[in-house]
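Following: one structure in structure tokens, then a few remarks.
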């Protein structure tokens, strides 16, 4: 059972990064055959183990690079093809004894050693998922757009996940070879893949212990249905389908739900707190900056973006200065959110240039721009749902601080201190956004306004120099607007260059220093807010009433 549990953890690591990677059986075969050839050829066991792990790591990395642009069923087909290639190589290689397999492998591992190996691997995975790269994997799994928006290097995470998956699967293959004395290519075929995948899915892939629970349940299930004899397999299949239908998040997800419900019924304060509006006292009222008081740090020149025959952004120029709040208004479909996509790097501009501190960054990706300090929120709330509010902000602090993951996993004092500092910073940001009471709650259980504020909190955690806020007050209670305006002003006082897209004209009037107005993809006005709001073109296209 321990071998199967380790193999199911290989699926967990792949799924944790949102990768439908089905190459595990192939890497198990590489690990198993490496140790089998070494031991039956008179070589040291550790030589075979090392060769198997290194070969799997290299091939896993290469496979991830080759398939880095694939996702979903396409990635599944590509990685499944790798399993078929490995199987055919074994069949056609005389030194591997083809379909006859390899006999006489020494039984080096017993049940105790296998359980210990499972425990060590599970512990390391638990540390990994609490580290910086673990949070990056979970963010990528839920929403690749958000992952790029918070600075996650998507290719790096995909390759890391592929290497880790391959190494764990190779270890599982090694365990299988050293506990059975015989291996053949048939043992690493599609049937094994489906079996191990079932363990992971039934147990649940939201927590590292889910696949272990799933393995234990499915290994023991045939024993409990033995009394039904010829109906045993049918009954087992019905139970598996029932679990998938009733508990799509797996056994682990169901247990977590029960835990949350029990905490609520027992009066847990973290779950029974009502949604709160942003309080007047949550931040001090900052001193208002003078318009044009900062240096231009971020510029877009002659930006264009076409969608088929529609021009969403047409020859637009924009300049953002540090310490200044810039507003952007315009009717729906004017191109405001598309402009934010161009500035943040989520979409590429057809023409024009984008500069940060005078340096051309037009060719940089969204994640690279985030790491340069250009951070955005989204028009429609996009926050990782299956972690707590504190973890959302904490992950942002980690990505900004970049303390690394290896030091944390090795329990190095400096790395541990960096993680503690990130947690303290996250709590301060939550307090600033009046979200302290929601810190321990899962994001999926928060209200709309709380999630909107949480998205802003995550953006602040990334330590932006340029902050692009796309309709952040949409859905907020009216009582939350004045303190949120003071928050925006205080961020500008901290030196940020802020672009605030809004439809709430009174809110814009009271908050921004400089105002831009767009219509039909073009910039129709710019200047002081009091001047732009009485501009005839702005009134005709958007406001409708002079002096609104």
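Numbering (the working numbering), first residue to last: 1 to 548.
Quick reminder that beta carbons are idealized off the backbone N, C-alpha and C, glycines included.
- In the three-state DSSP reduction, residue 297 falls in the strand class (E or B).
- Apart from the 5 residues on each side of it in sequence, residue 53 sits with its Cβ closer than 6 Å to the Cβ of 167 and 170 in its chain, given in chain order.
- In the three-state scheme derived from DSSP, where H, G and I count as helix and E and B as strand, residue 305 is classed as strand.
- Annotation for residue 26: no beta strand (DSSP E) segment contains it, though the alpha helix (DSSP H) segment containing it runs 24 to 40.
- Boundaries of the alpha helix (DSSP H) around residue 486: 481 to 493.
- Look at residue 337 here: in three-state DSSP terms it is helix.
- Checking the DSSP bridge columns, you'll see residue 445 has no partner listed.
- Cβ neighbours of residue 180 within its own chain (closer than 6 Å, five residues either side excluded): none.
- DSSP, read as helix, strand or coil, puts residue 476 in coil.
- For residue 231, the secondary structure class from DSSP, reduced to helix, strand or coil, is helix.
- Note on residue 511: 16 or more other CB atoms within 10 angstroms of its CB, so buried under the neighbour-count rule.
- Under the DSSP assignment, residue 132 falls in the alpha helix (DSSP H) whose first and last residues are 132 to 142.
- Judged by DSSP in its simplified three-state form, residue 187 adopts helix.
- Under the 8 Å Cβ criterion, the stretch 373 to 383 counts as touching the stretch 455 to 470, having at least three qualifying pairs.
- For residue 424, the enclosing alpha helix (DSSP H) covers residues 413 to 432.
- For residue 531, the enclosing alpha helix (DSSP H) stretches over residues 529 to 532.
- Taking all protein chains in view, the Cβ of residue 123 is surrounded by fewer than 16 other Cβ atoms within 10 Å, so the residue is classified as exposed.
- Residue state for residue 439 is assigned as coil, using DSSP reduced to three classes.
- By the beta-carbon neighbour count (other beta carbons within 10 angstroms, threshold 16), residue 88 is exposed.
- Residue 515 carries a strand assignment under DSSP once its states are collapsed to helix, strand and coil.
- When secondary structure is reduced to three states using DSSP, residue 368 falls in the helix class.
- In this structure, the beta-carbon distance from residue 366 to residue 345 falls below 8 Å.
- The stretch 413 to 421 makes contact with the stretch 394 to 404: 3 or more CB pairs, one atom from each, lie closer than 8 Å.
- Look at residue 204 here: in three-state DSSP terms it is coil, with no helix or strand label.
- Collapsing the DSSP output to three states places residue 375 in a strand.
- Between residue 301 and residue 327, the beta carbon gap of about 20 Å keeps them out of contact (Cβ cut-off 8 Å).
- Cβ-Cβ distances below 8 Å link residue 306 to 312 and 350 in the same chain, with the five nearest sequence neighbours on each side left out; the list follows chain order.
- When secondary structure is reduced to three states using DSSP, residue 357 falls in the coil class, being assigned neither helix nor strand.
- The C-alpha of residue 498 is placed about 11 Å away from the C-alpha of residue 490.
- Distance from the CA atom of residue 518 to the CA atom of residue 314, rounded to whole angstroms, is 10 Å.
- Shortest Cα-Cα distance from residue 240 to any of 219, 321, 539 and 13 involves 219.
- For residue 312, the three-state secondary structure derived from DSSP is strand.
- Setting aside the 5 residues that flank it on each side, residue 55 is surrounded in the same chain by 30, each with a C-beta closer than 6 Å to its C-beta; the list follows chain order.
- For residue 58, the enclosing alpha helix (DSSP H) starts and ends at 45 to 66.
- With a contact defined as Cβ atoms closer than 8 Å, residue 24 and residue 10 qualify at about 5 Å.
- CA-CA distance, residue 456 to residue 173, rounds to 46 Å.
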